[in-house]
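> Residue 1 is where the sequence shown starts when you use my numbering, and the numbers rise one by one after that.
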Amino acid sequence: MNFRLNKTLSLLASCLMISAITACSNGAVSQNVSIEKQIVSTVELGPNQNMEGSQGAWLSNNNWLLASESKGLVLVNSQTDTNQIIAPGNFESLSVRALSSNAFLVASIDNNQDNVAIFKLKHVNKTWQLSELTRIISPQAQPDTVCLFANNITQTVTAFIADVRGLITETAIFDTAKNQPVNVSIREFPGVSEAAGCAVSDITSTLFISESNVGIWAINANAESQADKKPIALVAPFGELKNELGALFASSDGMIWFTSTENSLLYAYNPISNKLKHWRLNTNLNPESAAIKYTSNNTATAVIYNDTTGAYMQSQLSVKKIAVQKNRQNITQIHANAQTTPVNAFGDAADDPAIWVNPSDAENSLILGTDKRRGLMVYNLQGALIQSLNIGRLNNVDVRQSKIINNKTWITASNRTHNSISVFTIENKKTVKYLTDIATNLDEIYGMCMYSSPTGDYVFVNDKSGLFQQYKLHNQANKITGELVREFNLPSQPEGCSTDDEAAQLYAGEEDAGIWYIGAEPSTGTTPIMLQHINKQLVDDVEGMEIYHADNARYLVVSSQGDNSYVLYEIGNITQNTEVPSLKFSGKFSVIADLNSGIDGTSETDGLTVTAKPLPGYPEGILIVQDGYNRMPQQPQNFKIIDWREVKKAIR
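See below:
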């Protein structure tokens with residue numbers, strides 16, 4: 001196999017793209033290179049005549065699977081030195097994931113059809129059985145390489161395919177929870193100009209891509225993330241690697257292995273310590289790939305493809321397996337039940353939801369969502385867009401049914417175009433109507449929430465300096481105005497806030513610090529009190545928050561944006577012995593993809609809202625959250641609708 005090589009200009013362009021040739025050359029990897037001085041000897045693996053191979057993978061015991069452009073997919077037993085062709089053809093690139101001790105998923109590029117074939121390989125009664133599950137076709141693009149990712153959180157196996165367009169696609173190929181194949185497009189993102197190989201560390205959920213004359217790049221393999229690529233090791237003169245890098249292989253401990261044909265080197269990259277070591281192979285080798293099987297804590301067998309002879313070779317290495325530390329944090333995984341129509345365009349747009357529950361016909365309740373590039377979007381309970389009010393860059397939105405002004409519905413939103421409070425109402429119990437804007441003197445209006453009490457209807461707004469303002473709404477002669485009645489400050493940037501109308505309490509998030517409390521009435525002072533600092537459960541940024549009123553408890557639901565999750569706190573009542581309410585950690589959950597419904601998980605949530613009022617299909621209410629990365633397929637941002645009974649699974 002001959003890997004396509006980038007030209008010198010590709011090397012320069014790649015380093016410039018990441019903003020720093022200096023960072024490339026002075027990174028941590030170049031200072032953590034361990035060199036094995038001993039030359040590693042190799043011997044041939046199995047019958048190799050006319051193999052024209054590319055990449056191998058260890059299966060079980062002494063069994064290896066090899067890809068061959070002349071023979072197809074070949075099984076080799078290293079002990080008996082025998083082989084078996086299980087899929088004739090022209091196959092290049094290879095990735096394997098174990099489903100059990102005797103069943104494996106196999107992905108390889110079928111060069112005869114210019115697509116990726118997905119197989120299931122089983123070992124039954126001492127015989128191997130191969131069955132094709134599906135094919136993945138890149139439109140008008142030849143695939144360069146493929147690698148599998150076993151996502152234990154979503155219980156799926158996905159395939160990353162880098163193609164000649166310089167793009168990487170991710171496709172779900174197997175639902176491990178149901179033990180059945182699928183073929184669901186998840187996302188597409190920029191990769192490298194000519195990928196020589198790829199591999200995924202399931203341990204760190206990291207996708208690695210190699211460019212032959214450039215280096216190795218790392219990308220977050222989690223679909224609910226931004227696909228930024230970072231260099232972890234670069235080719236000289238920008239790094240320590242030698243030229244002409246080949247395919248990548250992820251061993252069982254997450255170590256990433258690759259070769260360089262220049263000086264016949266085998267590399268191992270530890271993604272935990274960010275350290276790189278290499279061995280020098282026999283000088284007559286032209287190594288283009290390596291596959292690894294650990295044989296003890298301190299040794300491993302490497303199967304290497306030698307392009308000079310067209311043969312697979314094996315070597316014994318002295319190497320210590322990475323000690324994998326499991327994340328013990330208990331996060332409940334739940335699914336969304338529905339989702340809204342995506343906003344109009346890609347980018348950071350959807351931000352904050354609110355819900356108006358129709359008092360006479362719950363089925364015709366409305367979901368309100370801000371598009372901070374355009375205005376207010378209105379959806380039905382099924383998530384379909386039914387109205388769009390393009391009045392400016394709305395950030396946060398809230399709703400109240402006024403108790404003192406003709407039972408009128410108020411909807412207010414922070415308008416960053418005009419540094420104002422946009423005011424809406426509901427007409428004929430079905431249509432949102434824009435009324436007016438109330439000017440503020442904030443430098444940059446940001447977050448907001450509403451509060452309603454016997455003393456009036458109020459809007460809390462803040463800006464990025466930490467300043468909060470409280471406005472009282474007035475409606476005289478059909479003219480709506482806002483009266484500034486109080487100001488107070490948080491130390492740094494806030495956004496999300498929520499009030500309890502009955503208890504007259506305001507909870508506010510300081511994005512990098514935690515959750516604050518202050519009385520919601522204008523007469524209750526100007527000194528907020530910190531209730532909850534960021535910690536292992538609440539990871540900054542602290543974003544959207546809202547109170548759920550259960551029968552016998554109140555829960556503050558908070559977006560823990562830093563780890564794509566949500567934290568539940570039970571709110572304790574103020575007693576004779578306490579001046580402020582308490583927040584008791586009650587659970588943590590994340591929303592993950594559901595292949596059956598075709599609804600992806602959520603990530604980087606800005607705003608959220610919740611109601612305990614019964615709705616059709618949701619007898620205990622719903623939670624609505626903004627989704628920063630909308631997948632399956634990749635689309636602009638939207639909002640996810642979650643049955644509160646799902647959320648209850650996380651309450652301890």
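Cβ atoms here follow ideal geometry from the backbone N, Cα and C, with glycine treated the same way.
Return the first residue and the last residue of the alpha helix (DSSP H) that GLU543 is part of.
Looking at the DSSP string, GLU543 is not in any alpha helix (DSSP H); the run it does join, the beta strand (DSSP E), is 542-549.
> Going by CA-CA distance only, name the one from ASP398, THR80, VAL192 and GLN84 that's closest to MET51.
Of ASP398, THR80, VAL192 and GLN84, the residue nearest in Cα terms is GLN84.
> Determine the direct distance from the alpha carbon of ASP541 to that of PHE208, and round the result to whole angstroms.
The alpha-carbon atoms of PHE208 and ASP541 are separated by roughly 27 Å.
> State buried or exposed for ARG135, treating a residue as buried only when at least 16 other CB atoms are found within 10 Å of its CB.
Classification of ARG135: exposed, given that the 10 Å Cβ count is below 16.
> Report the start-end ranges of each beta strand (DSSP E) in the region 204-271 that is 3 residues or longer and not cut off at the edges.
The qualifying runs are 206-211, 215-220, 229-234, 245-250, 256-260 and 265-270.
> In angstroms with no decimal places, state the Cα-to-Cα distance between ASP398 and SER225.
Their Cα atoms are separated by approximately 28 Å.
> State whether the region 160-174 contacts the region 141-149, with contact taken as three or more CB pairs (one from each stretch) at a distance under 8 Å.
At 8 Å Cβ cutoff, the stretches touch.
> Excluding sequence positions up to five away, which residues of its chain have a Cβ less than 6 Å from the Cβ of LYS464?
Correct list, in chain order: GLU444, TYR446 and GLN493.
> How about ASN270 and ILE322: do their beta carbons lie closer than 9 Å?
Cβ distance < 9 Å, so ASN270 and ILE322 count as in contact.
> Runs of 3 residues minimum, wholly inside the region 475-552: which ones carry the beta strand (DSSP E) assignment?
Here the runs fully enclosed are 479-489, 494-500, 505-510, 514-519, 529-533 and 542-549.
> How long is the line joining the alpha carbons of GLN470 and GLU487, rounded to whole angstroms?
If you take the alpha carbons of GLN470 and GLU487, they lie about 6 Å apart.
> I'd like to know whether the C-beta atoms of PRO633 and ILE168 end up nearer to each other than 9 Å.
No; because the gap between Cβ atoms is not below 9 Å, this pair is not in contact.
> Does the structure place the region 612-620 close enough to the region 311-322 that three or more beta carbon pairs sit under 8 Å?
Verdict: no, contact absent.
> From the DSSP output, which residues share a beta bridge with TRP410?
According to DSSP, TRP410 bridges with ARG400.
> Comparing C-alpha positions only, which one of ILE518, GLY514 and PRO47 sits nearest to ASN535?
Cα-wise, what sits closest to ASN535 is GLY514.
> Taking Cβ positions, are ASP352 and GLN637 nearer each other than 9 Å?
It is not a contact, given that the beta carbons lie outside the stated cut-off.
> Please report the distance separating the alpha-carbon of TYR569 from that of ASP551.
In a straight line, the C-alpha of TYR569 is about 15 Å away from that of ASP551.
> Near ILE256, which residues of its chain fall below 7 Å by C-beta distance, leaving aside the five closest residues on each side in sequence?
Cβ neighbours of ILE256 beyond the five flanking positions: ALA199, SER201, PHE208, LEU248, ALA250, TYR269 and PRO271.
> State buried or exposed for VAL76, treating a residue as buried only when at least 16 other CB atoms are found within 10 Å of its CB.
Burial call: buried.
> Alpha carbons only, please: which of TRP128, ASN390, TYR305 and PHE160 is nearest the one belonging to GLU188?
It is PHE160.
> So, is THR575 buried or exposed, given that buried needs 16 or more other C-beta atoms within 10 angstroms?
Counting Cβ neighbours within 10 Å, THR575 comes out exposed, since fewer than 16 surround it.
> Does the Cβ of GLU483 have 16 or more other Cβ atoms within 10 Å, making it buried, or fewer, making it exposed?
The residue in question, GLU483, is exposed, as its Cβ has fewer than 16 Cβ neighbours within 10 Å.
> Mind checking which residues open and close the beta strand (DSSP E) that includes VAL378?
Residues 375-379.
> For ASN183, does the three-state DSSP call read helix, strand or coil?
If DSSP states are grouped into helix, strand and coil, ASN183 belongs with the strands.
> Tell me the rounded alpha-carbon separation between THR409 and VAL378.
For THR409 and VAL378, the distance between alpha carbons rounds to 15 Å.
> Would you mind working out which of VAL357, ALA593, ILE592 and ASN330 sits nearest PHE585, comparing C-alpha positions?
That would be ASN330, whose Cα lies nearest to the Cα of PHE585.
> Quick one: what does DSSP say ALA354 is sitting in, helix, strand or coil?
Here ALA354 sits in strand by DSSP.
> Taking the Cβ atom as the reference point for each residue, do SER296 and ARG280 lie within a distance shorter than 9 Å?
For SER296 and ARG280, no; Cβs fall outside 9 Å.
> Could you tell me if GLN31 is buried or exposed, where buried requires 16 or more neighbouring beta carbons within 10 angstroms of its beta carbon?
With a pLDDT of only 38 at GLN31, under the threshold of 50, the placement of this residue in the model should not be trusted; the figure read from the coordinates follows. Classification for GLN31: exposed.
> Using C-beta distances below 6 Å, list every residue in its chain close to ALA354, excluding the 5 sequence neighbours before and after it, in chain order.
Hits under 6 Å: LEU368, VAL397, ASP398, VAL399 and THR609.
> Beta carbon of ILE391, beta carbon of GLY375: below 9 Å?
In contact: ILE391 and GLY375 (Cβ atoms closer than 9 Å).
> Are the beta-carbon atoms belonging to GLY191 and GLY166 less than 9 Å from one another?
Their beta carbons are under 9 Å apart, which means GLY191 touches GLY166 by this criterion.
> Does the contact criterion of 3 or more C-beta pairs under 8 Å hold for the region 135-144 versus the region 557-573?
They do not touch, by the three-pair rule.
> VAL673: buried (16+ other C-beta within 10 angstroms of its C-beta) or exposed?
Given a span of 1 to 652 for the chain in the structure shown, any question on residue 673 remains unanswerable.
> Going by the DSSP bridge assignment, what does GLY587 pair with across the sheet?
BP columns for GLY587 point to LEU568.
> Would you mind working out which of LYS277, SER108, GLN339 and THR417 sits nearest TYR629, comparing C-alpha positions?
Considering only alpha carbons, the answer is GLN339.
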